[in-house]
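Enquirer: Those letters in the sequence shown? Residues 46 to 332, by the working numbering. Glycine is no exception: its CB is placed at the ideal position from the N, C-alpha and C atoms. Quick one: structure below, then a few questions.
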Amino acid sequence: MNKRLRLIAPAKINWSLDILGRRADGYHLLSTPMQAVGLYDTVTVSVSSADSCVCNVELAGENLALKAWRLFRDSFGIDGYAAIEIKKNIPAGAGLGGGSADAAALLLGARRLFAPQVSDDELAALALRIGTDLPFFLRGGLCLAEGVGERLTPLPGRRWQLLLAAPAVALSTAQVYAANRCDSHYAGYDGAALCAAVAAGDIAAIAANAYNALETAAFVLAPAVGELKRRLIAMGAQAALMSGSGSGVWALFAEQERRQAAARQLTRLGVANWQVETVDAGIIIDG
Numbered sequence: 046m047n048k049r050l051r052l053i054a055p056a057k058i059n060w061s062l063d064i065l066g067r068r069a070d071g072y073h074l075l076s077t078p079m080q081a082v083g084l085y086d087t088v089t090v091s092v093s094s095a096d097s098c099v100c101n102v103e104l105a106g107e108n109l110a111l112k113a114w115r116l117f118r119d120s121f122g123i124d125g126y127a128a129i130e131i132k133k134n135i136p137a138g139a140g141l142g143g144g145s146a147d148a149a150a151l152l153l154g155a156r157r158l159f160a161p162q163v164s165d166d167e168l169a170a171l172a173l174r175i176g177t178d179l180p181f182f183l184r185g186g187l188c189l190a191e192g193v194g195e196r197l198t199p200l201p202g203r204r205w206q207l208l209l210a211a212p213a214v215a216l217s218t219a220q221v222y223a224a225n226r227c228d229s230h231y232a233g234y235d236g237a238a239l240c241a242a243v244a245a246g247d248i249a250a251i252a253a254n255a256y257n258a259l260e261t262a263a264f265v266l267a268p269a270v271g272e273l274k275r276r277l278i279a280m281g282a283q284a285a286l287m288s289g290s291g292s293g294v295w296a297l298f299a300e301q302e303r304r305q306a307a308a309r310q311l312t313r314l315g316v317a318n319w320q321v322e323t324v325d326a327g328i329i330i331d332g
């Protein structure tokens, strides 16, 4: 029996993010097409004699992978321990879902090693208790996430070449939502048109319909995020949008040469950036 698993967890972007309302418990109701992209963390899970977790960088916030393991163990009565190793490439506080991706990878690895009888539905319900975007990471690809993130509808997509960039500022999801003043659907946003444009490869229509209800709050909290978006457009991006609650921004360029030139310019300016492709799969279990 394999007692060690290596899992490769992709980042995500939000092609758009519309807020439809707020539940009585304070959680926002969303409509957001979420897309896995080729920027990866690696999570290794091993059966061990004691729980441990090491990471190649210092985690500024809560260690969601460790939280996921403890919740998994307690929820399913696991009599055992796990050693967790995390190698991070996805920046924290950038709206790219790195912590959630790691936690989802941990859940998949823990199920394979300790409790293969746990169903997909049981795992998704547990994932939602850790973070609202974890159910997406268990699936990957391109999905419309609704409710608080628990309702996922797979969408048709295509391969996109993206430039991701993140200023030297991390944003807390809770902080951005607390500062947000938009708690209802924006009538000018056409989510169906945006999803159709993503599937059709229509950059102009993506640019016309890309909308993130959290941008205004994030730009006030971290003006560098708004400046980065404006800079990308000035560099020739035909579409650019903050991902999730920020601080990362994705950009689409009609020409590969302009995307590469923008990446070089950002690097000279000291702005972290990654040229990535969208991916159809989710977390890869590499034993």
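(1) Over what stretch of residues does the beta strand (DSSP E) that includes Trp319 continue unbroken?
(2) What residues are listed by DSSP as bridge partners for Met79?
(3) For the candidate residues Ala238, Ala210, Leu168 and Arg115, whose alpha-carbon lies nearest to that of Arg313?
(4) Below 8 Å on the Cβ atoms is my guess for Thr87 versus Ile53; work out the distance and round it to an integer in Å.
(5) Note down the Cα distance separating Ala110 from Asp331, rounded to an integer number of angstroms.
(6) Name the DSSP bridge partner or partners of Ile329?
(7) Just list the alpha helix (DSSP H) runs in the segment 204–288, keeping only unbroken ones of 4 residues or longer that don't cross its boundaries, in chain order.
(8) For Asp86, write down the residues that DSSP places opposite it in a beta bridge.
(9) According to the neighbour-count rule (16 or more other Cβ atoms, all chains shown, within 10 Å of its Cβ), is Gly140 buried or exposed?
(10) Does the count of Cβ pairs from the segment 71–78 and the segment 184–198 closer than 8 Å reach three?
(11) Using a Cβ-Cβ distance under 8 Å, would Leu153 count as near chain B?
(12) Would you report the Cα separation of Thr89 and Asn134, rounded to the nearest angstrom?
(13) With C-beta atoms as the reference, is Gly289 less than 8 Å away from Leu65?
(14) At 4 residues or longer, what runs of the alpha helix (DSSP H) sit wholly inside the segment 110–193?
(15) Taking the C-alpha atoms as reference points, what is the distance between Ile329 and Asp147?
(16) Among Val214, Ala296 and Asp247, which residue has its Cα nearest to the Cα of Ala281?
Expert: So, from the listed chains and residues:
(1) Translated into the one-based positions of the sequence shown, residue 319 becomes position 274. Trp319 -> beta strand (DSSP E) spans Ala317 to Glu322.
(2) Here residue 79 corresponds to residue number 34 of the sequence shown, with the count starting at 1. By DSSP's assignment, Met79 forms a beta bridge with Asn59 and Cys188.
(3) On the sequence shown, residue 313 is found 268 positions in, with the first residue counted as 1. In this structure, Ala210 is the residue among Ala238, Ala210, Leu168 and Arg115 with its C-alpha nearest to the C-alpha of Arg313.
(4) Taking the first residue of the sequence shown as 1, we reach residue 87 at position 42. Taking the first residue of the sequence shown as 1, we reach residue 53 at position 8. Cβ atoms of Thr87 and Ile53 come within 8 Å of each other, at about 6 Å.
(5) In the sequence shown, counting from the first residue as 1, residue 110 sits at position 65. In the sequence shown, counting from the first residue as 1, residue 331 sits at position 286. Looking at the backbone, the Cα of Ala110 and that of Asp331 are separated by about 18 Å.
(6) Mapped onto the sequence shown, residue 329 falls at position 284. The partner list for Ile329 (beta bridge, DSSP) reads Ile53.
(7) Here the runs fully enclosed are 218–224, 236–245, 248–254, 260–266 and 268–279.
(8) Position 41 of the sequence shown, counting from 1, holds the residue named residue 86. Paired residues: Ala54.
(9) Taking the first residue of the sequence shown as 1, we reach residue 140 at position 95. By the neighbour-count criterion, in which 16 or more other beta carbons inside 10 Å mark a residue as buried, Gly140 falls on the buried side.
(10) Yes: the two stretches touch, three or more of their Cβ pairs being nearer than 8 Å.
(11) Within the model displayed, chain B is absent; a lone protein chain is all it includes.
(12) Against the sequence shown, residue 89 aligns to sequence position 44. Against the sequence shown, residue 134 aligns to sequence position 89. The alpha-carbon atoms of Thr89 and Asn134 are separated by roughly 14 Å.
(13) Locating residue 289 in the sequence shown gives position 244, counting from the first residue. Locating residue 65 in the sequence shown gives position 20, counting from the first residue. Result no, Cβ atoms of Gly289 and Leu65 do not sit closer than 8 Å.
(14) Fully enclosed alpha helix (DSSP H) runs of no fewer than 4 residues occupy 143–159, 165–175 and 179–184 of the segment 110–193, in order along the chain.
(15) The residue labelled residue 329 in the question sits at position 284 within the sequence shown. The residue labelled residue 147 in the question sits at position 102 within the sequence shown. Each residue's Cα considered, the two are about 12 Å apart.
(16) Taking the first residue of the sequence shown as position 1, residue 281 is located at position 236. Correcting the residue type first, residue 281 is Gly in the shown sequence and not Ala. Among Val214, Ala296 and Asp247, the Cα nearest to that of Gly281 is on Ala296.
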